[in-house]
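Asks: Numbering (the numbering used here), first residue to last: 6 to 304.
All C-beta atoms in this analysis are idealised placements derived from N, C-alpha and C, irrespective of residue type, glycine included.
It should be emphasised that the depicted structure is a prediction, and the values quoted were computed from it without experimental measurement.
#1: Is residue 31 buried or exposed, if buried means 16 or more other CB atoms sit within 10 Å of its CB?
#2: So, is residue 190 buried or exposed, given that buried needs 16 or more other C-beta atoms within 10 angstroms?
#3: Do you know offhand how far residue 83's Cα is from residue 172's?
#4: Is residue 64 helix, strand or coil by DSSP?
#5: With DSSP run on the structure shown, which of helix, strand or coil describes residue 221?
#6: Less than 8 Å between the beta carbons of residue 287 and residue 142, yes or no?
#7: How long is the line joining the alpha carbons of residue 150 and residue 227, rounded to whole angstroms?
#8: Taking C-alpha atoms, which residue in 157, 260, 214 lies nearest to residue 247?
#9: Please return the same chain residues whose Cβ sits closer than 7 Å to the Cβ of residue 144, not counting the five positions on each side in sequence.
#10: Between residue 132 and the rest of its own chain, which residues show a CB-CB distance below 7 Å, the 5 nearest in sequence each way excluded?
#11: Roughly how many angstroms separate the alpha carbons of residue 203 and residue 251, rounded to a whole number?
#12: DSSP on residue 252, reduced to helix/strand/coil?
#13: Where does the unbroken alpha helix (DSSP H) through residue 24 begin, and where does it stop?
#14: What whole-angstrom Cβ distance do residue 77 and residue 91 have, given they're in contact under 8 Å?
#15: What residues in its chain sit with their C-beta under 7 Å from that of residue 175, if we drop five residues either side in the sequence?
#16: According to DSSP, residue 207 sits in a beta bridge with which residue or residues?
#17: May I have a chain-ordered list of the beta strand (DSSP E) segments no shorter than 3 residues that lie completely inside the segment 136 to 203?
#18: Are the beta-carbon atoms belonging to residue 41 and residue 61 less than 8 Å from one another?
#19: Evaluate residue 68 with the Cβ neighbour count: other Cβ atoms within 10 Å of its Cβ, from every protein chain shown; 16 or more gives buried, anything less gives exposed.
#20: Cα separation between residue 52 and residue 23?
#21: Give me, in chain order, the residues of the same chain whose beta-carbon lies closer than 7 Å to that of residue 56; leave out the 5 immediate sequence neighbours on both sides.
#22: Can you tell me where the beta strand (DSSP E) with residue 89 in it begins and where it stops?
#23: So what's residue 216 in DSSP terms, helix, strand or just coil?
#24: Hey, would you say the C-beta of residue 201 is under 7 Å away from at least one heavy atom of the ligand GTP?
#25: Considering only residues of the same chain and omitting the five flanking positions on each side of residue 279, which have a CB-CB separation below 8 Å?
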C-alpha cells in the first residue's frame, strides 16, 4: 500500500526512520520504508547502518552519487507498493499522525503535497539565513499553496501514485542542487496530473550554514537557467517562477547586461547583509535575479 522513499546524503536519519517505523506499525495496511544512501561519507553510513534492523526498512548503499533527480527515480523503481511517500532525509515528523494523514488521501489519483515547516525559535548560529528564508518564503498555508497547486509543489514531502512517477519520472538531465521540483511540477501540469495540498508538513531540521546556503542558491539558479533553456516552450514556466517572470520583464527592457554587471559589483556587499542578523530578502531576490542574468546563457 505505502512505500516511504527516502534518499539520504550525509545526514543522520536514525530518529526520522524510528518515528516513521513506529507510525507504520500502527497502520492496518502494508508499509515499507525504502532508504537509499547516495554515496555519503563513511561516518554517516556507519551511523545509519542500524536502521536496517527495523523490520519494515530496506536500506541500500550506492557506490557513486546519483544526484537528486536520479535517486528519486531509483527509489520509485525499487518501491513495491502503489503509493509512494517521498521525503527529504533532513526532516522530522511533527507528530504521530503524519503517515495516517497521507493514508487518508489514497482514494484518488492526485499527487499530494504535505508542506514544510520550521522551528519557531530562530537559530543563533550561521543557519539563521536559511531559517529566515524558509519561514518567510517556504512556509505557506494549505489555502495559499492551493491557489497555484503545481507552482507550490515541493519535493521535500509528497505522495504520488507509482503509475504517475513511472509515466513522469524526474528529469535526470538536472544535475546538482535545486529546481528539480520546479520542473517536476511543470511536467505534472503539462500532463494534466492534479496536485492536491494538505496540512501535513514535515519539519525541516537540516539547516545549512549561510555560506553553504548561498552556494546552493547559486547552484539552483544555474539549474533554473538550464531548465529555462532546456524547455522548448517556457511560457508556462515563466508563470510559475517569479524570477523568470522578472527576467522576462528586464529582458524586454534590454537591461540584462546591466543586471549582470550589478552582480559583479554588488554581490559582496549584498552577501555581507545576508549573512548578518537582519538579512533583506528583497536584496536576496535582487542577488538571485542578477546572478540569473549573469548565467542565463552558460547553463
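Replies: Reading from the atomic positions:
#1: As a position in the chain shown, residue 31 is number 26, starting the count at 1. With fewer than 16 Cβ atoms within 10 Å of its Cβ, residue 31 is classed as exposed.
#2: Counting from one through the chain shown, the residue named residue 190 turns up at place 185. Residue 190 is buried by the Cβ-count criterion.
#3: The residue given as residue 83 occupies position 78 in the chain shown. The residue given as residue 172 occupies position 167 in the chain shown. Straight-line Cα distance between these residues: approximately 15 Å.
#4: One-based indexing of the chain shown puts residue 64 at position 59. Correct three-state label for residue 64: strand.
#5: Residue 221 sits at position 216 when you count from the first residue of the chain shown. Residue 221: helix per DSSP, three-state reduction.
#6: Taking the chain shown and counting its residues from 1, the one referred to as residue 287 is at position 282. Taking the chain shown and counting its residues from 1, the one referred to as residue 142 is at position 137. No, Cβ-Cβ distance for residue 287 and residue 142 is not below 8 Å.
#7: By one-based count along the chain shown, residue 150 stands at place 145. By one-based count along the chain shown, residue 227 stands at place 222. Cα to Cα, the separation comes out at about 25 Å.
#8: Locating residue 247 in the chain shown gives position 242, counting from the first residue. Nearest neighbour of residue 247 by Cα position, chosen from 157, 260, 214, turns out to be 157.
#9: As a working note, residue 144 is residue 139 in the chain shown. Take residue 144, set aside five residues on each side of it, and the residues of its chain with a beta-carbon closer than 7 Å to its own are 121, 122, 123, in chain order.
#10: Indexing the chain shown from 1 puts residue 132 at position 127. Cβ neighbours of residue 132 beyond the five flanking positions: 212, 213, 214.
#11: The count along the chain shown starts at 1 and reaches residue 203 at position 198. The count along the chain shown starts at 1 and reaches residue 251 at position 246. About 29 Å.
#12: Residue numbering aside, residue 252 sits at position 247 when the chain shown is read from its first letter. If DSSP states are grouped into helix, strand and coil, residue 252 belongs with the helices.
#13: Numbered from 1 along the chain shown, position 19 holds the residue referred to as residue 24. Note, residue 24: alpha helix (DSSP H), 19 to 30.
#14: Counting from 1 along the chain shown, the entry for residue 77 is found at position 72. Counting from 1 along the chain shown, the entry for residue 91 is found at position 86. With 8 Å as the limit, residue 77 and residue 91 qualify as a contact, their Cβ atoms being about 6 Å apart.
#15: Residue numbering aside, residue 175 sits at position 170 when the chain shown is read from its first letter. For residue 175, where only same-chain residues beyond five positions count, the Cβ hits under 7 Å are 74, 77, 78, 185, 189.
#16: Working through the chain shown from its first residue, we reach residue 207 at position 202. Paired residue(s): 121.
#17: Counting only runs of at least 3 residues, the segment 136 to 203 fully encloses the following beta strand (DSSP E) elements, listed from N- to C-terminal order: 162 to 166, 200 to 202.
#18: Here residue 41 refers to the residue found at position 36 of the chain shown. Here residue 61 refers to the residue found at position 56 of the chain shown. For the 8 Å CB-CB criterion, residue 41 and residue 61 do not form a contact.
#19: Within the chain shown, numbered from 1, the residue matching residue 68 stands at position 63. By the neighbour-count rule (16 or more Cβ atoms within 10 Å), residue 68 is not buried but exposed.
#20: As a working note, residue 52 is residue 47 in the chain shown. As a working note, residue 23 is residue 18 in the chain shown. For the pair residue 52 and residue 23, the Cα-to-Cα distance works out to about 13 Å.
#21: Along the chain shown, one-based indexing puts residue 56 at 51. Around residue 56: 18, 19, 22, 40, 62, 64.
#22: Stepping through the chain shown from its first residue, residue 89 is reached at position 84. DSSP places residue 89 inside the beta strand (DSSP E), whose first and last residues are 88 to 92.
#23: On the chain shown, residue 216 is found 211 positions in, with the first residue counted as 1. In this structure, residue 216 counts as helix in the three-state DSSP scheme.
#24: What this structure holds is no ligand at all, so the ligand GTP is not there to describe.
#25: For this step, residue 279 is matched to residue 274 along the chain shown. Result list for residue 279: 134, 215, 219, 285, 288, 289, 292, in chain order.
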